[in-house]
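Notes for the one structure printed next.
There are 2 protein chains.
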Amino acid sequence: MKIYENKNLNEMKKIVSTYTKQTSDPEIERAVDDILKDVRVSQDDALRKYSEKFDGVKINDFRVPKEALNKAYDSIDDKLKNAMELAKKNIVSFHKLEIEKGFIDLGTKGIMRGQKVTPLESVGLYVPGGRAAYPSTILMSALPAKIAGVKKVVMVTPPQKDGISTAVLAAAKLAGVDEVYQIGGAQAIAALAFGTQSIPKVDKIIGPGNIFVAVAKKKVFGTVAIDMVAGPSEIGILADDSANARQIAADLLSQAEHDPRARAMLITDSKKLAEGVSKEVEIQLRTLPKEKIARQSIEDRGFIAVMDDKEEMFDLMNEVAPEHLEVNLENPTQYLPLIKNAGSVFLGKYASEPLGDYVAGPNHVLPTGGTARFSSPLGVYDFVKRTSFVQFSKDALAADVEAITTLAREEGLEAHARAVESRFGKEDF
Amino acid sequence: MKIYENKNLNEMKKIVSTYTKQTSDPEIERAVDDILKDVRVSQDDALRKYSEKFDGVKINDFRVPKEALNKAYDSIDDKLKNAMELAKKNIVSFHKLEIEKGFIDLGTKGIMRGQKVTPLESVGLYVPGGRAAYPSTILMSALPAKIAGVKKVVMVTPPQKDGISTAVLAAAKLAGVDEVYQIGGAQAIAALAFGTQSIPKVDKIIGPGNIFVAVAKKKVFGTVAIDMVAGPSEIGILADDSANARQIAADLLSQAEHDPRARAMLITDSKKLAEGVSKEVEIQLRTLPKEKIARQSIEDRGFIAVMDDKEEMFDLMNEVAPEHLEVNLENPTQYLPLIKNAGSVFLGKYASEPLGDYVAGPNHVLPTGGTARFSSPLGVYDFVKRTSFVQFSKDALAADVEAITTLAREEGLEAHARAVESRFGKEDF
Numbered sequence: 286m287k288i289y290e291n292k293n294l295n296e297m298k299k300i301v302s303t304y305t306k307q308t309s310d311p312e313i314e315r316a317v318d319d320i321l322k323d324v325r326v327s328q329d330d331a332l333r334k335y336s337e338k339f340d341g342v343k344i345n346d347f348r349v350p351k352e353a354l355n356k357a358y359d360s361i362d363d364k365l366k367n368a369m370e371l372a373k374k375n376i377v378s379f380h381k382l383e384i385e386k387g388f389i390d391l392g393t394k395g396i397m398r399g400q401k402v403t404p405l406e407s408v409g410l411y412v413p414g415g416r417a418a419y420p421s422t423i424l425m426s427a428l429p430a431k432i433a434g435v436k437k438v439v440m441v442t443p444p445q446k447d448g449i450s451t452a453v454l455a456a457a458k459l460a461g462v463d464e465v466y467q468i469g470g471a472q473a474i475a476a477l478a479f480g481t482q483s484i485p486k487v488d489k490i491i492g493p494g495n496i497f498v499a500v501a502k503k504k505v506f507g508t509v510a511i512d513m514v515a516g517p518s519e520i521g522i523l524a525d526d527s528a529n530a531r532q533i534a535a536d537l538l539s540q541a542e543h544d545p546r547a548r549a550m551l552i553t554d555s556k557k558l559a560e561g562v563s564k565e566v567e568i569q570l571r572t573l574p575k576e577k578i579a580r581q582s583i584e585d586r587g588f589i590a591v592m593d594d595k596e597e598m599f600d601l602m603n604e605v606a607p608e609h610l611e612v613n614l615e616n617p618t619q620y621l622p623l624i625k626n627a628g629s630v631f632l633g634k635y636a637s638e639p640l641g642d643y644v645a646g647p648n649h650v651l652p653t654g655g656t657a658r659f660s661s662p663l664g665v666y667d668f669v670k671r672t673s674f675v676q677f678s679k680d681a682l683a684a685d686v687e688a689i690t691t692l693a694r695e696e697g698l699e700a701h702a703r704a705v706e707s708r709f710g711k712e713d714f
Numbered sequence: 286m287k288i289y290e291n292k293n294l295n296e297m298k299k300i301v302s303t304y305t306k307q308t309s310d311p312e313i314e315r316a317v318d319d320i321l322k323d324v325r326v327s328q329d330d331a332l333r334k335y336s337e338k339f340d341g342v343k344i345n346d347f348r349v350p351k352e353a354l355n356k357a358y359d360s361i362d363d364k365l366k367n368a369m370e371l372a373k374k375n376i377v378s379f380h381k382l383e384i385e386k387g388f389i390d391l392g393t394k395g396i397m398r399g400q401k402v403t404p405l406e407s408v409g410l411y412v413p414g415g416r417a418a419y420p421s422t423i424l425m426s427a428l429p430a431k432i433a434g435v436k437k438v439v440m441v442t443p444p445q446k447d448g449i450s451t452a453v454l455a456a457a458k459l460a461g462v463d464e465v466y467q468i469g470g471a472q473a474i475a476a477l478a479f480g481t482q483s484i485p486k487v488d489k490i491i492g493p494g495n496i497f498v499a500v501a502k503k504k505v506f507g508t509v510a511i512d513m514v515a516g517p518s519e520i521g522i523l524a525d526d527s528a529n530a531r532q533i534a535a536d537l538l539s540q541a542e543h544d545p546r547a548r549a550m551l552i553t554d555s556k557k558l559a560e561g562v563s564k565e566v567e568i569q570l571r572t573l574p575k576e577k578i579a580r581q582s583i584e585d586r587g588f589i590a591v592m593d594d595k596e597e598m599f600d601l602m603n604e605v606a607p608e609h610l611e612v613n614l615e616n617p618t619q620y621l622p623l624i625k626n627a628g629s630v631f632l633g634k635y636a637s638e639p640l641g642d643y644v645a646g647p648n649h650v651l652p653t654g655g656t657a658r659f660s661s662p663l664g665v666y667d668f669v670k671r672t673s674f675v676q677f678s679k680d681a682l683a684a685d686v687e688a689i690t691t692l693a694r695e696e697g698l699e700a701h702a703r704a705v706e707s708r709f710g711k712e713d714f
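Those protein sequence lines, which keep their order, are chains V and Y. Per the working numbering, the first sequence starts with residue 286, numbered consecutively. Per the working numbering, the second sequence starts with residue 286, numbered consecutively.
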């Protein structure tokens, strides 16, 4: 694993910022435009056409019947069922703390001001096909929506020749998904954005997918809400001499195995740890089932940076803004104030990142590619919207008429001024 | 004004949903792509080129000096100053109620879970040029960012041959804007997204603009955060026999005067009111300085719908999801639970919409074009992000090892399982 030493903070900041995002490809853009237009016009017919073309599956009925979900859940073994139930319990208890309630301000006589919080009516969840269809992600996505009060959570997933995986259907059942449809790709995003005969239009589309899905989501943004477009997984680890090289290496590889473009990073003030981790990564890689993927990730994008002190370590890590951040330092909670940009933080030796992927409770759908600078984990707050309200008495409005009409006329908006004046018979029209 | 009568709810829902959004224009898309690329590469040089080309202004120094802001504020007359100060006071007191604090959960021995809320580091505010540069919008945009704790609020606005308006600079000063740059159009969005020699890269770009600005914002989404792309203004009014036709008409026109594509709508159960408002709109239009704009808005997009009862009125209005909603009914607060989709609600006879544009306190930057189905008013919550965190003791992790490794192996992620096992020397590698 690449080790950077004797670089100052600014040099290191430049190096970490060379991480480039997926750029747009005009051919994919055009292909997605065509699919969106086609689904908008031909609806189910277009969905059937693209399913046959891209997935090699002829579909009569897009809807996966409720009974199939129940049957899947009943058929999974107890060990998996218990694990999924534990995950659900902890996800629910954590996400209930995210519920927002709105407020009312009655501080001034004659004036009521406030904000109400209303759940979205419907949400669409995209679940990729094949091995990337993670049951855990279904729990992480659908449960917060249901906690927010979303009435209709619709799941779409590409049709599979031998049917949709039992674990996926079981997770959908456990998470309270209301409707499941077998449709994937840009055509699934189009269906959720515009609606077809079979598939309902939703208010918001979430969930990761391939480049076609990502481009389609960006294009329907505005017609519906979308979540952030997900990039490859990342883990940033802050550790010093007190850390165990074997454990740090194992945690780095847990993200590297996701994707050749995943990014595993260690920032430390210990040269000894840097060297130990680098060796351990190589040792552990050799026996990993996904060695090829993990090795490419480590070689192309992984690095270890040796910095002068803890302050520099945190400063550099804030520049990275990693999806997952492990603080493998003694008394780790003391460093929470130094963390500015990160999706989810794992404090101390026992908070190994995969704990958060499955059962700790906080969401594992997290900002990637530096977007933790301005984005949050998926949460209950993503499935509600706010509406503000005011009520004024005649006297309260009267006290503000001069200010309102002054500002309105300053902005050249005479009808605004007159509307308020009309309440007092003062209007000059 | 067009009156629909004797239509049932479903027919009316179809009619209101014909409102079409601005569609994309491949020529504008290409032009914006070129500008983005150019600014990314040539930075300030590109900004100078486009300012001369589009705004007809040669710029040496993009930065508007701090002293110019102070001077502008000192030079505005007392009436305007007092109005702006009142607006600021009420905006601040309302938005402080939106501050979010994060949480910590210590309910289980050995487990700490929580979420922390961190302000964005920097925000860019786009302010359109000429008459559309509303000082009130600068207050509504910059104050919530400062309340959230954003350190650097940067304002950009197109260069003007005779300098940027005094009221705009005064509002920037009053709102606590940290830096002002004279640069507009797609080139300003590019500068804020990528940074140039003169203009800093920001974490989020907000504010309305023309079609080039809107397209550019959508294209840089992901590199930075953006707010919803704003469409033309809308007002929806719910009123019955108890309402005053003259006042309702004045409120409809207050939005119609913004834009020929603005949308003014009355939904009522009173045919008498419908006819009275229609007549009043015509009378009031004749003396309006912006008669031409308002008339086109009313003729092309305005309507009055006469429905059977209050329930139908609210049902239809939720389908519209208006930016501004007036509830001009008796005891209006009783209807709050029926309101699902609206940006900002004005309750009762004295809450005329322009009250909310200026001094009531709730934000006037609101979702348009039906996006109130899934979007909120601009608020303090738009200028923070959340980071979740967990800490587990050895025993707490031990209790979850089986669940974690079961789920990891079900998903084919062996390195995930091993990372957790490495904490107990159980790892098989």
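Here a beta-carbon is modelled for each residue, glycine too, at the ideal position from N, C-alpha and C. The structure presented is a predicted model; accordingly, all values stated were derived computationally and were not measured.
- Distances from the alpha-carbon of Met550 (chain V) to those of V:Pro493, V:Phe497 and V:Leu610 put V:Leu610 closest.
- Proximity of chain Y to His701 (chain V) at the Cβ level (cut-off 7 Å) is accounted for by Ser539, Pro639 and Asp642, in chain order.
- Inclusion of Ser483 (chain Y) and Arg348 (chain Y) in the CB contact set at 8 Å is warranted, their separation being smaller than that value.
- With respect to the 8 Å criterion, Ala524 (chain V) and Leu558 (chain V) are classified as neighbours on the basis of their beta carbons.
- Less than 8 Å separates the beta-carbon of Glu608 (chain V) from that of Thr653 (chain V).
- Rounded to whole angstroms, the gap between the alpha carbons of Ser421 (chain V) and Glu687 (chain Y) is 15 Å.
- One thing to note: Ile376 (chain Y) has its Cβ no nearer than 8 Å to the Cβ of Met297 (chain Y).
- Taking 8 Å as the upper bound on Cβ-Cβ separation, chain Y lies near residues Ala579 of the stretch 579-592 of chain V.
- Along the stretch 401-429 of chain V, the positions whose C-beta sits under 8 Å from a C-beta of chain Y are Lys401, Thr403, Leu405, Glu406, Arg416, Tyr419, Pro420 and Ser421, read in chain order.
- Scanning chain V for C-beta atoms nearer than 8 Å to the C-beta of Thr451 (chain Y) yields nothing, as the closest lies near 10 Å away.
- Annotation: Phe479 (chain V) to Glu560 (chain Y) spans about 36 Å, alpha carbon to alpha carbon.
- Around Ile624 (chain V), the beta-carbon contacts reaching into chain Y at under 7 Å are Thr672.
- When DSSP assignments are scanned along the stretch 489-568 of chain Y, the uninterrupted stretches of beta strand (DSSP E) that are 3 or more residues long and fall wholly within it turn out to be 489-491, 519-524 and 548-553.
- Using a Cβ distance threshold of 8 Å, Pro662 (chain V) and Ser673 (chain Y) count as a contacting pair.
- For the stretch 497-526 of chain Y, the set of residues with a beta-carbon nearer than 8 Å to any beta-carbon of chain V comprises Lys503, Phe506, Gly507, Thr508, Val509, Ala510, Met513 and Val514, in chain order.
- Below the 7 Å Cβ cutoff, chain V contributes no neighbours of Ser327 (chain Y), its closest Cβ being approximately 18 Å away.
- Val438 (chain V) sits close to Leu410 (chain V), with the two beta carbons spaced by under 8 Å.
- Taking a Cβ-Cβ threshold of 9 Å, the residues of chain Y close to Ala636 (chain V) are Phe674, Val675, Gln676, Phe677 and Leu682, in chain order.
- Residues of chain Y with a Cβ closer than 9 Å to the Cβ of Gln472 (chain V) do not exist, since the nearest Cβ in that chain sits about 19 Å away.
- Rounded to the nearest angstrom, the Cβ distance from Leu382 (chain V) to Phe497 (chain Y) is 42 Å, too far for a contact under 8 Å.
- From the listed residues V:Glu314, V:Glu699, V:Phe677 and V:Asp447, the smallest Cα separation to Gln569 (chain Y) is found for V:Glu699.
- Not flagged as an interface residue toward chain Y: Gly494 (chain V), since no C-beta distance is shorter than 8 Å.
- Listed in chain order, the non-local C-beta contacts of Phe677 (chain V) below 7 Å within the same chain comprise Gly395 and Ile396, local neighbours out to five positions each way being set aside.
- Against chain Y, the CB of Ser660 (chain V) has a partner CB under 8 Å away; the residue lies at that interface.
- Taking 8 Å as the threshold, the shortest C-beta distance from Lys458 (chain V) to chain Y does not fall below it.
- For Ala357 (chain V), the CB contacts under 7 Å within the same chain, skipping 5 residues up- and downstream, are Thr451, Leu454, Ala455 and Lys458 in chain order.
- Under DSSP, Lys437 (chain V) forms a beta bridge with V:Ser407.
- Taken in chain order, the whole beta strand (DSSP E) runs of length 3 or more contained in the stretch 632-678 of chain V are 669-677.
- Pairing Gln540 (chain Y) with Ile511 (chain Y) gives a Cβ-Cβ distance that is not under 8 Å.
- Ranking Y:Lys489, Y:Glu604, Y:Ser637 and Y:Val675 by CA distance to the CA of Val669 (chain Y) puts Y:Lys489 first.
- By alpha-carbon distance to Ala657 (chain Y), the top candidate from Y:Asp685, Y:Met602 and Y:Glu314 is Y:Met602.
- Interface criterion met: the Cβ of Phe379 (chain V) is under 8 Å from a Cβ in chain Y.
- Sequence-distant Cβ neighbours of Gly646 (chain V) in its own chain, meaning closer than 7 Å and more than five residues away, are Asn375, Ile376, Ser378 and Phe379.
- Around the Cβ of Glu464 (chain Y), a 10 Å sphere holds 16 or more other Cβ atoms; the residue is buried.
- In the displayed model, Thr481 (chain Y) falls within coil according to three-state DSSP, outside both helix and strand.
- Where Thr451 (chain V) is concerned, the enclosing alpha helix (DSSP H) starts and stops at Thr451 to Ala460.
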